[in-house]
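A.B. asks:
There are 2 protein chains.
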Amino acid sequence: MDVSASNKRRSRILGALTHLYIQSARPVSSQLIKEEYSLSISTATIRSIMAELEDAGYIVQTHTSSGRVPTDRGYRFYIDSLMKQKGLSFEEKQSIKNDCCTASELAEDTINKVSRVLSEVSNEVGINLFFKFKEDSLKCVELINLGSGKVLLVLVTESGIIRNYLIKLDEPVETSELHRISNFLNTHLQGVALSEIKQKLYGCLERDNLSLLYLAREACGIFDALEVDNIFENECQICQEGINYILKKPEFNDIDKLRAILGVLEDKQTIEKILKSNLRPYKKVMVTIGKENKLENLHNCSLVTSKYKIGNRVVGVLGLLGPTRMAYSKLLPLVEYMSDILSEALSGHSLDGRYEEGYDEA
Amino acid sequence: MDVSASNKRRSRILGALTHLYIQSARPVSSQLIKEEYSLSISTATIRSIMAELEDAGYIVQTHTSSGRVPTDRGYRFYIDSLMKQKGLSFEEKQSIKNDCCTASELAEDTINKVSRVLSEVSNEVGINLFFKFKEDSLKCVELINLGSGKVLLVLVTESGIIRNYLIKLDEPVETSELHRISNFLNTHLQGVALSEIKQKLYGCLERDNLSLLYLAREACGIFDALEVDNIFENECQICQEGINYILKKPEFNDIDKLRAILGVLEDKQTIEKILKSNLRPYKKVMVTIGKENKLENLHNCSLVTSKYKIGNRVVGVLGLLGPTRMAYSKLLPLVEYMSDILSEALSGHSLDGRYEEGYDEA
DNA sequence: AATTAGCACTCTAACCAATAGAGTGCTAAT
DNA sequence: ATTAGCACTCTATTGGTTAGAGTGCTAATT
Chain A
1 MDVSASNKRR SRILGALTHL YIQSARPVSS QLIKEEYSLS ISTATIRSIM
51 AELEDAGYIV QTHTSSGRVP TDRGYRFYID SLMKQKGLSF EEKQSIKNDC
101 CTASELAEDT INKVSRVLSE VSNEVGINLF FKFKEDSLKC VELINLGSGK
151 VLLVLVTESG IIRNYLIKLD EPVETSELHR ISNFLNTHLQ GVALSEIKQK
201 LYGCLERDNL SLLYLAREAC GIFDALEVDN IFENECQICQ EGINYILKKP
251 EFNDIDKLRA ILGVLEDKQT IEKILKSNLR PYKKVMVTIG KENKLENLHN
301 CSLVTSKYKI GNRVVGVLGL LGPTRMAYSK LLPLVEYMSD ILSEALSGHS
351 LDGRYEEGYD EA
Chain B
363 MDVSASNKRR SRILGALTHL YIQSARPVSS QLIKEEYSLS ISTATIRSIM
413 AELEDAGYIV QTHTSSGRVP TDRGYRFYID SLMKQKGLSF EEKQSIKNDC
463 CTASELAEDT INKVSRVLSE VSNEVGINLF FKFKEDSLKC VELINLGSGK
513 VLLVLVTESG IIRNYLIKLD EPVETSELHR ISNFLNTHLQ GVALSEIKQK
563 LYGCLERDNL SLLYLAREAC GIFDALEVDN IFENECQICQ EGINYILKKP
613 EFNDIDKLRA ILGVLEDKQT IEKILKSNLR PYKKVMVTIG KENKLENLHN
663 CSLVTSKYKI GNRVVGVLGL LGPTRMAYSK LLPLVEYMSD ILSEALSGHS
713 LDGRYEEGYD EA
C-alpha cells in the first residue's frame, strides 16, 4: 500500500479496524469504527474504503454481510507500518525485573523464570529455546571420585553453565589419580571452545611429553564417552508456559483450533524447530503471522520472538505464541524487553565478571 | 453390595456395563449388554436389574430414556471387587523397559523418561512427583573454585542425586583452602542424613579441636547460605506429559470440562499437592475416582497412582490422570509396573551399588 | 415368584421453517 | 467525492416435527 493522500485515510481505517478487532475478537463494522474513532466521515464512506481494503487483501468478511476482520496481510501491514509500539512504563519494567530476579543463580532456572513471567504478563503462551553451550568455552573441569569406578565429571563453562556427567569405569580409580587428570585437563583446556575440546585433546596427545601421555589418553577416553561435540552442538533447553491462557481466548472455543495449537505445544521437538528457525535471521525481534508459519497447525496463530545473548553471542530465542489476533503493539516491546532482561541476567551469570556491573538490585 | 446368589448376577451386569462404557464412552443399553455378553436372559430382565443397580447408586441414566453410565460408586465397586487386572505381557514389559532405559544415568532424566513412556503407553496424561532428597544422606561434597570469589558446591547424595550450588563470597579464596574445607566436610558429613547436616556441623564446631574451627565456621556459613534443611525437605521434581491425549477423549469435547482439567495440569503446585496426598497412605497403588477427588476441577477425572522407592525409602509417586472412564483394568497394573521400573532404575543409580545386580540389560 | 414379550412413553438429535437483527452493497441525491 | 436511504444477505435464535433409541410397566408365561 503506497502512502498517497487518499491512502492515508485507508491506513487510518485499517489501523482502527485492526485495533478494534484485536480488542473485541469480533468482526468490526463501519458503524463501530465511526463511533470509536469519532470520524467525521459517514459509515457509507467507511464502507467503501473497507471494500477497497478488502479488494487489496488486507481485510475479509467472515460472511457476505458481516463486519471485517484483518487478514494475515492486514496484520502484517499493521505491524510494519501502522502500529505504534506501546513500550512498558518504568514501573512495569521495574516490577517485571523484580519478578525475574527472584530466580536462583543458575542459568537454567533464570530461563524458566523469565519464560513464566513473560507468559504471565502477556497472558499468552511463552516459549523459549536456549542453547546452553553455543560457542561457549570451557572454564574448568573437576573429576569427583564416587567410588566403585564411578566418577562424576563436573564441567563449568565461561558463561557459567554447569553440567554433570556420570562416568562408569571398569575399575575403581584412586582419587589422587583423578586429581592429576583434572589438573591436566584444566591446564590444557581452559578457555578452549567446547567444540574444539576433542581436537585440542588429541593434539596434546601427540605433542606433549611422555610422562603425561597416559593422562591425556584417559581424558580423551572420558570426553569420547561423552560424545562431547554432539552434546555441545545440540543440547538445548525448551520452556513452554501458560497453556491456560490459550483456553480463555475466544478463537480457541473451536475445539479443532484448540487441538491444533495444543498439539504443537505438546511437542517439544516442533517448538525447537520453530524457534530455531528464528535464531538465524539478522533481526532481533520477529513476528510470524498466521499462514506465514510453515506449520499448518499454526495457521491461526502468530509468533513473536526475540533473541537473547550471553555477552555478544546469541544463545537463544524467547517469545509468545497466540492467536493471530494478538496485542502486537504491547507484546512486541514486551518480548524484546524480556529478551534484554534475560541477556542481562545470563551475562551477569557469566563467571568471569565481565558483565557484572549494574546488577546490584537483584 | 453383598454377594448373595442374586447379587452375583447384578455384579455381572454391573461389570459388563462398566466395561462396555469404558470401551465405547456411550451410555450402555440392556440390548448391548445382552449382545456383547451373549446372556441367556432377556433385555427386560437386564433392565429390571439395571433399575435395581440404579436404586443402589451404582449407575445412572443421562436422561429418562437413555442407557446407563457407571457412577463414581459404580467404578469404585468395579475396581475393588469386579475387575480382573490385565497385567502386561512379557513382550510389553520388555519393550517398555527398553524404552525407559535409553535415558542417561542421571536420576532426573530417568524420572522424565519414565513419565513420558507411561503417558505414551497409556494414552493418558502422566504425572510424577519425585522428592529428590527425601531422607537421603550425603555421599560427598566438593568445592570448586571458579575465581572472583565464586565457588561451586557440588553435592552428591547416597542415592546418586547430584546438585550444584553457586556461592558468592565477598573475597576470592585460595583453591587449597577450598580443598581443606572439602576434606573437612567429607570427613565429618559422609553418610549423614541431609536433614541433619546443619546440626551435625554445629556439633563439630563445639567439639572439635581449635585448628579446624575456622574451617567448620566456613562450612556452616556455606550451608547456612543454602538453607539446607529447607531445600532438602521440599525440593521436588514434577513431570507432566501427554496433554494431547486428553484432547482426543470424547468427554473433553465439552470445552468447560477440558478447561477444568487443563487448568489443573497447568498448575504445578496443584499437581504437587494432589500427588503429595497420595504419598502417605500405606497403599502402594491408589485410585481416586471422580468426586473422590477433593479438587472440584477433577470431579470428572480419575487418578491412578503408584509409589516408587529408592532402596526402601518411598521417594515419589507417579500416575495417570484422565476421565473417570478409564481403562482401569489395564492401567492399574501398568502404573504399578512403571513405578517398579522407576524404583529399580533409581535404586540402580544408587552409587553404593547395593541394588546394582540384575540391571545389565540397560 | 421370576422371567419375558409387547407396547406406550420419553428423550435426543437432526432437520426445517420463521423471524429479528446486524451489517453490508448499491443507487440516487447532494 | 460523499452520503442518505433502502434492499438485500447472512447469522443466530426459536419453535415445531420426526425418527430412533431405549426405557418402564403390565400382562402373559414359565
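Protein chains in written order, with the working numbering: chain A, 1 to 362; chain B, 363 to 724.
Glycine residues also receive a C-beta, built at the ideal position from the N, C-alpha and C atoms.
#1: Could you tell me whether the Cβ of A:Q240 comes closer than 8 Å to any Cβ of chain B?
#2: Alpha helix (DSSP H) containing A:N98: first to last residue?
#3: Taking all protein chains shown into account, do 16 or more other C-beta atoms lie within 10 angstroms of the C-beta of A:P172, making it buried, or fewer, making it exposed?
#4: What is the DSSP secondary structure of A:F133, counted as helix, strand or coil?
#5: So, are the CB atoms of B:Y440 and B:G377 less than 8 Å apart?
#6: Please specify which runs of the beta strand (DSSP E), each continuous and at least 3 residues long, are wholly inside the stretch 512-566 of chain B, giving them in chain order.
#7: For B:Q393, I'd like the list of residues in its chain whose CB is within less than 6 Å of its CB, leaving aside the five on either flank, ordered along the chain.
#8: Report the residue from B:S705, B:V483, B:Q599 and B:P612 whose alpha carbon sits nearest the alpha carbon of B:N662.
#9: Can we say the stretch 127-141 of chain A touches the stretch 236-243 of chain A, given the rule of at least three CB pairs closer than 8 Å?
#10: Assuming contact is defined by CB atoms lying nearer than 8 Å, are A:V151 and A:I162 in contact in what I supplied?
#11: From A:K29 to B:E628, what distance separates their C-alpha atoms?
#12: Determine the chain B residues that contact A:I243 at a beta-carbon separation under 7 Å, and present them in chain order.
#13: Considering only the beta carbon of each residue, do B:I543 and B:F585 sit closer than 8 Å?
#14: Within the 8 Å Cβ cut-off, does A:R280 reach chain B?
#15: Rounded to whole angstroms, what is the Cα-Cα separation between B:L480 and A:V114?
#16: The stretch 62-79 of chain A: which residues have C-beta closer than 9 Å to a C-beta of chain B, in chain order?
#17: Give me the Cβ distance between B:V518 and B:I506, rounded to the nearest whole Å; I'm assuming they're in contact under 8 Å.
#18: Would you grab the beta carbon distance between B:A469 and B:L637 for me? Rounded to a whole angstrom, and I think it's under 8 Å.
#19: At a Cβ cut of 8 Å, what residues of the stretch 180-203 of chain A count as close to chain B, listed as they run along the chain?
#20: When you compare the stretch 682-698 of chain B with the stretch 655-671 of chain B, are there three or more beta-carbon pairs, one atom per stretch, that lie closer than 8 Å?
#21: Excluding the five sequence neighbours on either side, which residues of its own chain have a C-beta within less than 8 Å of the C-beta of A:I59, listed in chain order?
#22: Please state whether the Cβ-Cβ distance between A:I310 and A:S159 is less than 8 Å.
#23: With a cut-off of 8 Å, does the C-beta of A:I162 fall near any C-beta of chain B?
#24: Quick one: does A:K257 have its CB under 8 Å from some CB of chain B?
#25: For B:I636, write down the residues that DSSP places opposite it in a beta bridge.
#26: At the 8 Å Cβ level, is B:N615 part of the contact set with chain A, yes or no?
#27: For A:K139, does the count of other Cβ atoms within 10 angstroms reach 16, so buried, or fall short, so exposed?
#28: By Cβ distance, which residues of its chain are closer than 8 Å to A:R10, with the 5 residues on each side in sequence left out?
#29: Would a C-beta distance cut-off of 8 Å place B:P695 and B:L450 closer than the cut-off?
#30: What in chain A is Cβ-close to B:E698, meaning under 7 Å?
#31: Provide the residue span of the beta strand (DSSP E) that contains A:E142, from first to last.
#32: Note down, in chain order, every chain A residue with its Cβ under 9 Å from the Cβ of B:L609.
#33: Given that A:V156 touches chain B, what residues does it touch there, using C-beta distances under 8 Å?
#34: Below 7 Å CB to CB, which residues in the same chain sit around B:Q447 once its five sequence neighbours on both sides are set aside?
#35: What residue does the beta strand (DSSP E) around B:Q743 start on, and which one ends it?
#36: Let me see if you follow: with CB-CB separation under 8 Å, is A:L106 close to chain B or not?
C.D. replies: Well, looking at it:
#1: No, A:Q240 lies away from the interface with chain B (no Cβ there is under 8 Å from its Cβ).
#2: F90 to C100 is the span of the alpha helix (DSSP H), which, as asked, contains A:N98.
#3: So A:P172 ends up on the exposed side.
#4: Looking at A:F133 - three-state DSSP - the assignment turns out to be coil, as it is neither helix nor strand.
#5: Yes, the Cβ-Cβ distance between B:Y440 and B:G377 is below 8 Å.
#6: Uninterrupted beta strand (DSSP E) stretches at least 3 residues long and entirely within the stretch 512-566 of chain B occur at 512-519 and 524-530, given in chain order.
#7: If we look at B:Q393 and ignore the five residues flanking it on each side, its Cβ neighbours are T405.
#8: Of B:S705, B:V483, B:Q599 and B:P612, the residue nearest in Cα terms is B:P612.
#9: Yes, the stretch 127-141 of chain A is in contact with the stretch 236-243 of chain A.
#10: Cβ atoms of A:V151 and A:I162: not closer than 8 Å.
#11: Note that residue 29 of chain A is Ser in the sequence shown here, rather than Lys. In this structure, the straight-line span from the alpha carbon of A:S29 to that of B:E628 is close to 37 Å.
#12: Correct list: L624 and E628.
#13: In this structure, B:F585 does not lie closer than 8 Å to B:I543 by Cβ.
#14: No, no contact with chain B.
#15: The alpha-carbon atoms of B:L480 and A:V114 are separated by roughly 30 Å.
#16: Listed by position, the residues of the stretch 62-79 of chain A near chain B (Cβ gap below 9 Å) amount to none.
#17: In this structure, B:V518 and B:I506 do not form a Cβ contact; the two beta carbons are roughly 13 Å apart against a cut-off of 8 Å.
#18: The pair is not a contact, with the Cβ atoms about 17 Å apart (cut-off 8 Å).
#19: Among the residues of the stretch 180-203 of chain A, none has a Cβ less than 8 Å away from any Cβ of chain B.
#20: In short, these stretches touch, since the Cβ pair count reaches three.
#21: Closer than 8 Å at the Cβ level, and outside the excluded window around A:I59, lie L14, L17, M50, L53, R68, V69, P70, T71 and G74.
#22: Yes, these two residues count as a Cβ contact at 8 Å.
#23: For A:I162, the answer is yes, since a Cβ of chain B falls inside 8 Å of its Cβ.
#24: Interface criterion not met: the Cβ of A:K257 is under 8 Å from no Cβ in chain B.
#25: Beta-bridge partners assigned by DSSP to B:I636: none are found.
#26: Yes, contact with chain A.
#27: Answer is buried; the Cβ neighbour count reaches 16.
#28: Closer than 8 Å at Cβ, skipping near neighbours: M1, I49, E52 and L53.
#29: With contacts defined by Cβ atoms closer than 8 Å, B:P695 and B:L450 form a contacting pair.
#30: Ordered by position in chain A, no residue passes the 7 Å Cβ test against B:E698, which lies about 26 Å from the chain.
#31: From DSSP, the beta strand (DSSP E) with A:E142 extends over L138 to G147.
#32: Going along chain A in sequence order, the residues near B:L609 (Cβ under 9 Å) are I255, L258, R259, L262, G263 and E266.
#33: Near A:V156 (Cβ distances below 8 Å), the residues of chain B are I506, L508 and L514.
#34: S691, L694 and P695.
#35: Absent from the model: residue 743 of chain B. The displayed extent of chain B is 363 to 724, so no value can be given.
#36: Judged by the 8 Å Cβ criterion, A:L106 is in contact with chain B.
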